[in-house]
Structure formats: structure tokens, C-alpha cells
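To start, the structure under review is shown below, and the notes come after it.
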Amino acid sequence: MLAITDLAKSFVAPDGRRTEILRIPQFGLAAGAQVALRGASGSGKTTFLHLIAGILTPDTGRIVVDGVEVTALRESQRDRLRADKIGYIFQTFNLLQGFTALENVRLGHAFGPHADRDHARHLLERVGLGSKLHHFPRQLSTGQQQRVAVARALASRPKLVLADEPTGNLDRQHAMEALTLIRSVCAENKAALLLVSHDESVLERFEDRREFSEINRLP
Amino acid sequence: MTLLLLVYRSLRQHALSTLVTAGSIALATGLLLAVWTAKEQSQAAFAATSTSFDAVLGARGSKLQLVLNAVFHLEASPGNIAWADYENIRKHPAVKLALPIAMGDNLRGYRLVGTLASEYQKVEYAPGSTYQIAPGGRVFNEGEHEAVVGSFVARKLNLKVGDTFHPFHGLTFNEHDEHAETYTVVGILEPTNTPADRVIWIPLEGVQTMAGHDPRAATEISAVLIQLRASTAGFLLDQAINRQGNKLTFAYPVGTIVAELFQKISWFDRVLGLVAYLVALVAAASVLASIYNSMSARRRDLAILRALGARQTTIFGAVVAEAAAIGVVGVIAGLVVYGVLISIVATIIRAQTGVVIETWAWHPVFVVVPLALVALCALGGIVPALKAYRTPVADTLTPTS
Chain A
0 MLAITDLAKS
10 FVAPDGRRTE
20 ILRIPQFGLA
30 AGAQVALRGA
40 SGSGKTTFLH
50 LIAGILTPDT
60 GRIVVDGVEV
70 TALRESQRDR
80 LRADKIGYIF
90 QTFNLLQGFT
100 ALENVRLGHA
110 FGPHADRDHA
120 RHLLERVGLG
130 SKLHHFPRQL
140 STGQQQRVAV
150 ARALASRPKL
160 VLADEPTGNL
170 DRQHAMEALT
180 LIRSVCAENK
190 AALLLVSHDE
200 SVLERFEDRR
210 EFSEINRLP
Chain B
0 MTLLLLVYRS
10 LRQHALSTLV
20 TAGSIALATG
30 LLLAVWTAKE
40 QSQAAFAATS
50 TSFDAVLGAR
60 GSKLQLVLNA
70 VFHLEASPGN
80 IAWADYENIR
90 KHPAVKLALP
100 IAMGDNLRGY
110 RLVGTLASEY
120 QKVEYAPGST
130 YQIAPGGRVF
140 NEGEHEAVVG
150 SFVARKLNLK
160 VGDTFHPFHG
170 LTFNEHDEHA
180 ETYTVVGILE
190 PTNTPADRVI
200 WIPLEGVQTM
210 AGHDPRAATE
220 ISAVLIQLRA
230 STAGFLLDQA
240 INRQGNKLTF
250 AYPVGTIVAE
260 LFQKISWFDR
270 VLGLVAYLVA
280 LVAAASVLAS
290 IYNSMSARRR
300 DLAILRALGA
310 RQTTIFGAVV
320 AEAAAIGVVG
330 VIAGLVVYGV
340 LISIVATIIR
350 AQTGVVIETW
360 AWHPVFVVVP
370 LALVALCALG
380 GIVPALKAYR
390 TPVADTLTPT
400 S
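Line by line, the protein sequences give chains A and B.
Take the first sequence: its letters are residues 0 to 218, numbered as in numbering that gives the first Met the number 0.
Take the second sequence: its letters are residues 0 to 400, numbered as in numbering that gives the first Met the number 0.
Written out as C-alpha cells, the structure reads:
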């Protein structure tokens, strides 16, 4: 499902010096796998996910998602890839404030091939928000917003779900509920899940846990 | 559907600036349509009114003044002509109808026009239409102090058959210049949508012999409205009266002379048109500015949409469509603005000239102007759309770990 080789990414720091933040010789994920990456804040985990999603481009290296080489695609093709194959759960949810919960979820599949209006409604019912379809994000609690974000990420029936600290803004109870939801819905959809977190209580729920520092081999 | 949703939600989110911008588009639409219609329709209405008569015979002076005075009952008379001049033109073999008119009095600002009932009833103010008296009335009798009131005057002064009035001297109303004669309303003219609606018709000799008028007026008239048997005769009479004579003016052809009036005030049309075009440009610029200024606030939303897989072209299209949608809302409201403006203009033109303009007559301009404004708005949306197109996704959704 996901194959990465010789990936490197650097940024130009404010002082003008180029700083390398990622060097990943090899990383892979099988279809339907659920993997948790443990890493400290600022270790480059989000950059890693952005590279996989094609939001950022690497300096060197190769990323293949479901047989498509992301690193060889033009920007518009990467947009299409995200719409077709990748679901992204952001740490800060990134819900569109001017759109209702239902519209936010619909936008999750609106740009891909699976534009099914009823699917969005079904997903929101599945995450327990069937009565909040027409609520705007500001009218929802933090936990409810997270559930909308989860539903949106899964709306396009992606092959790969990237979750960036998905429980970072939730209390323990809501965090566990959200995690259970993400894992079960991914399992139902046979989607591979790559979750990054520094929260031990989240990480210990995964059988397959990896240290980001072991993957990211910066000199 | 997604594009419509994006546009709809964006318009809702920026409702105030949407309304203000659409308001400026509405103003531009209303102004452009009103200026165009007022010009075209009043020109057409004046031309149609001019077709009632082919020529006007009057005292030596400006042809335009003569036509405005005799046909449209505007302006002052350039002077009087002798009754004998009327007799001469009436007997001319090329003249089909000669209607003598005499003016010099008013009723609360509405002119009294003296004429001959026998000739008056023959006039076709439009092809196949002669002046008709409303049921319950009749035409005035020669030699009597009787009046037939134009429909507009009757409504404005609330006059009905059987009412009496005292005329006032002069063409402008002065309450101290009241004549002693008492006139009785014997008929109300059916609406004709011509200047005849805003005058009071009385026997010719009534004006000529009104107490206080110059005794010479008893044998004089203000002008003669003429219908010719053939248009070629008009040029011959023009040659005979204007070129060879020095006492009279033969205003012919009336339509061309009226067109000269519009030519004289065409600079005013151009100024109004220029103002309307400028308003349209400012409106389009305001679309550009309002959307462009909101781009900073929208960067995050745009980046999220891109992260969800929206292509750059989709984002570009959504912003241009939003600008066009503001244009659509604006032009729809603009039709209301047009309706209000043109109603005011039409009321003023009717009150001042008696001419009724068609305010909602179909013309391609009613499609062209709205479409052009929507296109202009869409064009104004291109600059912010380019900015949206270039929104960097990664920089906006900054990595935090």
C-alpha cells in the first residue's frame, strides 16, 4: 500500500541555512495495516505525513501509494491522488467553519471518484452525529468536531488514512472513543492506517508500534 | 454541485461584503439600463409624436423652438402669424390638413390651446387614431366659452365635465393674472400618450378675444400644424417660405427637427453614459477588491480544500464563479433599481412633455447589459482567483511536529 525509499526533506531556516529534517531510507505499510508512529514534537512526523499525502514534495526519494509514485506526479495529479486514495485526519481537525458537518464530510469525497451523498450522511450517523448533520463546527464540541474530521477523512473510501495526533486535542475518554472509531472504520473499509502520536495511551492500543526516530535516520 | 456549494457558502460567509458589492452592481445595472432606455425610448416617443404632423408654420425664428412650442407645447412661441397666412397655407393644394393653434393662457401652469373643433377632430395623432372624447363629454362649440381637457390635466387638476374655471394670462401660472372669462369643461380627452394630454383645448377665438389680450391677437394665431399630401411638397414649401420669404418659418420635416434636439443634448447622454460605465467599472473593481481582500482570511479554507483533493483549477473556478454570482445577484437587484429609476424618469418626462415612454419594452440591451456586467464581475474575480490558485497548501497547513 505504501512504499518509501531514500526519502529526504530539508527546509531553509530563518537564518538562511538549509536544515535537513527527514532522512528515511525505507518505510512500508501493507494494505489494511494499522501502524502507530511514536515521536516527540518537532521530530518531523507531520512533515512525513505531508510528504506521503503529496502536500509537500521531498528533496529526494520515492513514495509509492497504492502503486502510484507520488514523487513523480505534478501538483494537479497529487491533488487527484489525495482525492482518490488518501484520507487525512489533521491534529487541529481543519474543519471548514462556514460549512455544516454534513457539508464538511461531503467535501471529503467531493473531489474524488466516490461522490456518494448518502455515504456522508451514513458516516456521520456511524460516528454518532446523525442528529448534528446541519450543525456548524462552532456549534459542536471538540470531541464532535474530531468525529466529523474522522468521518470526512473516510468519506472518499481511501486506501490509506493518515492520522496526525488525532486525539491531541481531546480528553482521555474522548481520545479513546475517537481512536476506537478511527481504527474500526478503517478496518471496515480495509484502509491502511498510519497514525502518529506521542501519547502513550494511544500508542499502546496498537500492536504495530514504531519509533519515528528509528525510521528517520538523520545523521 | 460542489462548485455551487463552495460559492454559496463563501457568499454566506462574506454576506456583508457580498451585499455591498452586489449593491454597487445593482446601481450600475440600473443606471446603464435607465440611461439607455430614457434616451432611446424618449427619442422614439418624441419621434412617434412628431409623426402626427409633417410640418409647422409659424413666425420667423427657430424651427426647433417652433416645433417644441406648437407640437409639444413646450418653450415660448417665437411670435404670431396672421390669419391670412393660415388661409393661404390651408388652401395650398399640397396641404391635406392645416390645424391653426393659438396660445397665450394657462390654467395652473397647463396651457390653453385654441383651435378649430372642425379641423381638430380630423387629426390622426397616430395612424388610425383620432382624438376621442371620454363618454359623457363632447367637443367644444365654436364661439362658446367651452373647453376639452387633456386626460393628464384632468387628472392633475381633478377636472370633470361641468366644472368651470378662469384662465390665467401667460404661459406660466401667476395667480394675479386671472382672466374674467369663465370656461366650462364639456369634455375630457381620452388618453393619447401625446402632448395633447397635458393641455386644455378651447375654441380658437377664445384665445384670440380673451380680455386683456393685445387687440391685434384677434386676427393672429401662434402656428399652424400641417399634414401634407406628399412629402415632396414639404421641400417645395420649405423652398418657397424659408428661402424666398422672410416673414414665416416652415418647420419641415418635424421628425428631423426633433432629432436635432436630441443631437443638441447628446452630450448630456454621453456624460450620463460615461458615469454609468464608470459606475460599472467601479462595481467590477469592488468585486475584485472585496474578494481579493478576503483571500488572506480564506487561505486556510483554501488550503484545507486542496488537502482534501480539490484541484487548483477547481479553486480558481470557485472564486471566479463567486465573483460572477455576486454579479448575478447584483444585476437581478439592478432590474429593480432600473424599475424605480425609469419610473421616476418616465413620470418626469410625461409631466413635462406629455410623452409617455415605454419602460419595459423588450430590447436586447436588457440581456446584453446584465450579461456584460456579470462577465465584468467574473473578470474582476480572476485576480483573486489567481491568488487562490497559488495558495501554498503546505505553508498554510504548517507542520507542527
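C-beta: ideal position from N, C-alpha, C; glycine also.
Since the structure is predicted, the reported quantities are computational estimates derived from the model, not experimental observations.
Whole-Å CB distance - residue i paired with residue j, under 8 Å assumed
i	j	result
Asn68(B)	Ala75(B)	7 Å
Ile187(B)	Val138(B)	11 Å between Cβ atoms; not a contact.
His101(A)	Ala119(A)	The displayed chain sequence assigns Leu, not His, to residue 101(A). Indeed, because the Cβ distance is near 6 Å, the residues count as touching under 8 Å.
Glu145(B)	Thr183(B)	6 Å
Asp237(B)	His178(B)	In fact, because the Cβ distance is near 37 Å, the residues do not count as touching under 8 Å.
Ile220(B)	Leu106(B)	Between Leu106(B) and Ile220(B) the Cβ distance is about 20 Å, and since that is not below 8 Å, they are no contact.
Val201(A)	Ala174(A)	7 Å
Leu372(B)	Ile88(B)	Actually they do not touch by this definition, with Cβ atoms about 53 Å apart.
Leu287(B)	Gly379(B)	4 Å
Pro194(B)	His72(B)	5 Å
Chain B contact for residue i (CB, 9 Å cutoff)
i	result
Asn274(A)	Since the first and last residues shown for chain A are 0 and 218, residue 274(A) lies out of range.
Ile85(A)	yes
Ile51(A)	no
Arg204(A)	no
Arg120(A)	no
Ala82(A)	yes
Glu74(A)	yes
Arg137(A)	no
Ser155(A)	yes
Arg151(A)	yes
Phe26(A)	no
Below-9 Å beta-carbon distance, residue i vs any chain A residue
i	result
Leu396(B)	yes
Ala393(B)	yes
Thr399(B)	Its pLDDT being 46, under 50, Thr399(B) is placed unreliably by the model, and nothing is read from it.
Residue i versus residue j - alpha carbon distance
i	j	result
Ala97(B)	Arg228(B)	11 Å
Ile62(A)	Gln138(A)	39 Å
Ile298(B)	Ala387(B)	Note that residue 298(B) is Arg in the sequence shown here, rather than Ile. Approximately 7 Å, taken between the alpha carbons.
Gln90(A)	Asp163(A)	5 Å
Pro398(B)	Gly53(A)	Note that Pro398(B) scores a pLDDT of 47, beneath 50, so its modelled location is shaky; the value from the coordinates is reported in the next line. Each residue's Cα considered, the two are about 13 Å apart.
Leu50(A)	Gln172(A)	31 Å
Ser16(B)	Ser289(B)	7 Å
Leu111(B)	Ser51(B)	20 Å
Leu106(A)	Asn215(A)	33 Å
Arg269(B)	Val354(B)	22 Å
Gly86(A)	Ala275(B)	51 Å
Met0(A)	Val64(A)	6 Å
Tyr130(B)	Gly113(B)	15 Å
Gln42(B)	Ala320(B)	38 Å
Ala283(B)	Val336(B)	17 Å
Leu404(B)	Val19(B)	Past the edges of chain B, shown from 0 to 400, lies residue 404(B), and the structure says nothing about it.
Gly333(B)	Tyr85(B)	52 Å
Ile437(B)	Asp53(B)	Lying before the first or after the last residue shown, residue 437(B) is absent from chain B, which here runs from 0 to 400.
Leu180(A)	Phe365(B)	57 Å
Val149(A)	Val34(B)	57 Å
Ala82(A)	Glu213(A)	30 Å
Cys185(A)	Leu36(A)	17 Å
Arg8(B)	Leu80(A)	25 Å
Leu21(A)	Ile303(B)	24 Å
Ala125(B)	Ala46(B)	11 Å
Under 9 Å by beta carbon: chain A residues contacting residue i
i	result
Leu4(B)	Phe98, Glu102, Arg105, Leu106 and Ala109
Thr1(B)	Arg105, Leu106, Ala109, Phe110 and Ala114
Under 8 Å by beta carbon: chain B residues contacting residue i
i	result
Ser212(A)	Residues of chain B passing the Cβ test: none, with the nearest at roughly 13 Å.
Asp78(A)	Arg305, Gly308, Ala309, Arg310 and Gln311
7 Å Cβ cut-off: residues of chain B touching residue i
i	result
Leu55(A)	Ala393
* Asked: Using a Cβ cut-off of 9 Å, which residues of the stretch 300-312 of chain B contact any Cβ in chain A, in chain order?
  -> Asp300, Ala302, Ile303, Leu304, Arg305, Ala306, Leu307, Gly308, Ala309, Arg310, Gln311 and Thr312
* When Cβ atoms are compared, which residues of the stretch 6-29 of chain B fall closer than 8 Å to chain A? -> Arg8, Ser9, Arg11 and Gln12
* What residues from the stretch 372-390 of chain B come within 8 Å of chain A, judged by C-beta to C-beta, listed N to C? -> none
* Looking at chain B, which residues of the stretch 173-203 of chain A have a Cβ within less than 8 Å of any of its Cβ atoms? -> Residues Val195 and His197.
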